[in-house]
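In this note's numbering, the protein residues as written are 158 to 896.
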């Protein structure tokens with residue numbers, strides 16, 4: 158090797174390759190055909206030649222494919238590779254380790270101008286890869302093909318036959334050294350396509366030379382299997398002092414083989430057709446370009462996966478009101494996607510409502526609240542049992558409308574009986590001015606001092622219809638009343654027990670004075686961040702609570718004027734959208750009310766309500782799909798357009814997604830993205846929590862005392878005390894300053 162060639166070889170750029178499923182030998186051949194004009198030799202071989210190295214490294218755990226390219230041409234070659242072999246991933250990496258090989262061989266062709274006897278390319282590649290399996294711990298086998306374009310060779314002419322490649326002393330002595338017609342035809346066929354000069358090496362690391370010979374023999378045999386009567390491979394032992402050439406992938410001065418491109422394609426052992434070979438990395442999704450119809454600025458959702466582009470991708474905020482649907486299992490990158498969008502909404506000054514059943518999104522959003530919006534944040538953590546936030550659903554907006562919404566919501570959640578809605582309806586109207594939702598069971602069946610409390614409320618009722626209902630109810634005979642109460646109360650308790658029994662919920666809904674209203678969240682563009690604490694209160698209670706919050710928000714956006722849109726984020730949304738309103742109607746109407754939804758969940762099987770599934774798939778115009786199961790991949794491939802396959806969706810890596818978004822020209826074609834790296838926390842987390850707790854929270858002992866005292870005639874509720882009244886005044890003054 159000359160110093161010039163050594164410099165060429167040591168300056169190569171190395172790439173690790175990950176292949177798409179269903180890798181096509183035709184696509185590999187098309188790419189190899191593009192290399193001829195790139196790597197032409199401009200000077201004498203003494204000054205070195207550019208070469209490409211196809212390298213396969215197998216260990217006991219993994220089979221890796223590398224591509225070493227001339228530094229000056231690497232970008233061009235990789236660009237063509239990713240264009241002509243869709244879905245292949247090439248990642249620039251350091252060169253593989255410099256192994257201390259135990260044994261190595263070069264492969265030499267017996268007649269380089271003649272063709273090999275190749276069966277199907279996929280079978281040849283699979284055979285070579287199979288021969289590299291079954292290694293023990295610490296063993297390594299490396300195959301290398303060092304290639305460069307062959308110089309132009311004229312086609313042999315039958316009228317002036319060239320010398321045969323099959324030389325022998327007898328043929329030379331008897332002047333029978335000319336190529337036969339059959340050999341000429343074979344050589345012409347080989348030269349009918351571009352040719353590459355090549356040298357192949359097989360080198361092994363093993364604990365003992367005998368074991369190394371065994372491994373080398375198996376790999377060499379897979380190459381010998383493609384030999385023909387005219388041309389085959391033979392192995393020549395590499396001298397121990399020359400084994401370093403294999404580590405450096407050194408280009409030889411004399412190449413030992415010549416291959417047509419159709420011969421080279423299977424011999425480099427790329428996994429054609431997705432063979433079932435242990436140790437091969439899983440396939441990767443092909444890159445899909447994003448068009449200029451999709452904006453770079455707005456609500457950021459990621460960057461393009463197309464190598465070298467780093468093209469930012471966003472959704473125009475105007476089209477956020479047409480909703481975003483995100484599917485991704487745990488660990489796929491779904492939470493970071495939600496965070497990226499929510500963070501920008503907070504920066505833009507929009508109203509933001511985040512409903513998180515677990516707490517991951519809740520935590521990350523609060524860690525990134527802009528400093529100028531700390532005072533806009535309402536932190537409602539159902540796991541905070543020391544300082545619960547007050548949310549009297551009977552005081553949210555118009556009380557009559559709120560009661561109707563609540564009654565319809567609970568009835569929709571439990572549609573098994575028709576007898577209780579009337580009881581609940583009149584009970585909530587009776588408590589609208591003097592109680593809360595959690596007082597309803599005690600109002601229906603009072604005990605001890607609660608009897609006087611209920612009677613006082615009934616006497617003070619202004620609505621004649623409500624008053625008459627309760628007067629008739631209380632005037633029933635004791636036995637009749639007891640039977641009715643037992644029946645109705647038992648049914649009612651089954652419906653509302655999570656609201657009444659669990660202290661995390663009762664101490665919020667049981668406060669007569671709300672800490673905030675949804676009308677204020679909507680009109681003042683507040684940031685409401687809710688952690689449902691599903692692990693603690695249970696899935697059913699968390700779902701009911703979220704439905705209650707969602708119902709209040711839906712009522713507020715329809716009745717409260719607001720200049721800025723409200724952006725709602727719901728993870729595991731299928732547990733919350735259980736309102737009496739038809740989901741398709743709500744999703745369609747919310748755009749005109751300035752409510753944009755980001756709806757996320759793990760898989761389609763969670764959407765057990767057919768109407769909800771159809772509504773979301775039809776009305777959420779922007780879709781972002783992370784890696785999915787085989788079943789979901791088949792279903793969602795159709796939603797993402799004709800160019801997307803189920804394999805594309807299954808082969809996505811962590812934080813990668815395929816998306817289509819709403820634009821000025823309609824829904825975009827599908828493209829691949831990678832979620833943005835998370836921005837650093839803003840440093841306002843503790844300040845945000847402290848401000849929200851001081852402004853909206855209330856000591857739990859005070860809340861529990863208020864609930865108990867409210868049901869005793871003559872006892873002043875703690876909510877009327879000077880401390881809580883002062884907090885309310887401060888909050889109201891702060892709201893007036895904003896407006």
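Cβ coordinates follow ideal geometry from the N, Cα and C atoms, glycine included. All values derive from a computational prediction rather than experimental measurement.
Exercise for review: Could you say which of 214, 439 and 465 lies nearest to residue 362 if we only look at CA atoms?
Suggested key: The candidate whose alpha carbon is nearest that of residue 362 is 214.
Exercise for review: Figure out for me which residue from 524, 507, 743 and 262 has the closest Cα to the Cα of residue 493.
Suggested key: 524
Check your understanding: Count the other CB atoms within 10 Å of the CB of residue 410; is the residue buried (16 or more) or exposed (fewer)?
Key -> exposed
Check your understanding: Which ranges does the alpha helix (DSSP H) cover as unbroken runs of at least 4 residues, wholly within the segment 792-866, from first to last along the chain?
Key -> Qualifying alpha helix (DSSP H) stretches, in chain order: 803-807 and 842-853.
Exercise for review: With DSSP as the reference, label residue 690 as helix, strand or coil.
Suggested key: coil
Review point. Considering residue 172, what are the terminal residues of the beta strand (DSSP E) in which it resides?
Key: 170-175
Exercise for review: Leaving aside the five residues before and after residue 484 along the sequence, list all residues of the same chain whose C-beta is less than 6 Å from its C-beta, in chain order.
Suggested key: 782
Exercise for review: Entirely within the segment 578-648 and at least 3 residues each: give me those beta strand (DSSP E) ranges in chain order.
Suggested key: none
Exercise for review: Assuming residue 594 and residue 666 form a contact by the criterion Cβ under 8 Å, report the distance between their Cβ atoms to the nearest whole angstrom.
Suggested key: 5 Å
Point to revise | Helix, strand or coil at residue 739 [DSSP, three-state] | key: coil
Point to revise | Assumed close pair residue 580, residue 601 - CB separation to whole angstroms, cut-off 8 Å | key: 7 Å
Review point. Comparing alpha-carbon positions, which option in 205, 243, 208 and 164 lies nearest residue 188?
Key: 243
Check your understanding: Which class does residue 306 belong to by DSSP, given the choice of helix, strand or coil?
Key -> strand
Review point. I think residue 521 touches residue 496, with their Cβ atoms under 8 Å apart; what is that distance to the nearest whole Å?
Key: 5 Å
**Study point:** Alpha-carbon to alpha-carbon, residue 713 and residue 724
**Key:** 13 Å
Check your understanding: Is residue 672 near residue 552, with beta carbons less than 8 Å apart?
Key -> In this structure, residue 672 lies away from residue 552, with their beta-carbon atoms at least 8 Å apart.
Practice item. List the endpoints of the continuous beta strand (DSSP E) containing residue 356. Key: 352-362
Review point. How is residue 876 classed by DSSP in three states: helix, strand or coil?
Key: At residue 876 the pLDDT is 46, less than 50, meaning the model places this residue with poor confidence; the figure from the coordinates comes in the next sentence. If DSSP states are grouped into helix, strand and coil, residue 876 belongs with the helices.
Practice item. With DSSP as the reference, label residue 404 as helix, strand or coil. Key: helix
Point to revise | Beta carbon of residue 511 nearer than 8 Å to that of residue 687 | key: yes
Check your understanding: Just checking my contact of residue 489 with residue 763 at CB under 8 Å: how many whole Å lie between their CB atoms?
Key -> Contact doesn't hold; Cβ gap of about 14 Å is too wide.
Exercise for review: Counting only the same chain and skipping the five closest in sequence on each side, list residues whose C-beta sits under 6 Å from that of residue 431.
Suggested key: 178 and 179
**Study point:** Limits of the alpha helix (DSSP H) - the one that residue 520 falls within
**Key:** 517-523 is the span of the alpha helix (DSSP H), which, as asked, contains residue 520.
Review point. In terms of residue numbering, what span does the beta strand (DSSP E) encompassing residue 457 cover?
Key: For residue 457, the uninterrupted beta strand (DSSP E) run begins and ends at 456-461, by DSSP.
Practice item. Spell out the partners DSSP gives residue 482 in its beta bridges. Key: 756 and 780
Exercise for review: Assign residue 393 to one of three DSSP states: helix, strand, or coil.
Suggested key: strand
Exercise for review: Note down the Cα distance separating residue 388 from residue 415, rounded to an integer number of angstroms.
Suggested key: 11 Å
Point to revise | Rounded C-alpha distance that separates residue 426 from residue 282 | key: 4 Å
Point to revise | Classification of residue 317 by the beta-carbon crowding that lies within 10 angstroms, buried from 16 upward | key: exposed
Point to revise | Rounded C-alpha distance that separates residue 834 from residue 545 | key: When only Cα atoms are considered, residue 834 and residue 545 end up about 34 Å apart.
Check your understanding: What does a CB cutoff of less than 8 Å around residue 519 pick up in its chain, not counting 5 residues either side in sequence?
Key -> 511, 513, 538, 686, 687 and 688
**Study point:** Contacting residues, own chain, Cβ-Cβ under 7 Å from residue 268 (five flanking each side not counted)
**Key:** 322, 323, 387 and 388, listed in sequence order.
Exercise for review: Please report the residue range of the alpha helix (DSSP H) in which residue 132 lies.
Suggested key: The question about residue 132 has no answer here: the residues shown for the chain are numbered 158 through 896.
Review point. Bridge partners of residue 211, per DSSP?
Key: Residue 211 is bridged to 224 and 302.
Point to revise | Three-state secondary structure assigned by DSSP to residue 683 | key: coil
Practice item. Identify, in the order they occur along the chain, each residue of the same chain with its Cβ nearer than 8 Å to the Cβ of residue 873, setting aside the five sequence neighbours on each side. Key: Here the model assigns residue 873 a pLDDT of 44, short of 50, so the residue's position is not dependable, and the following value carries that caveat. Hits under 8 Å: 866.
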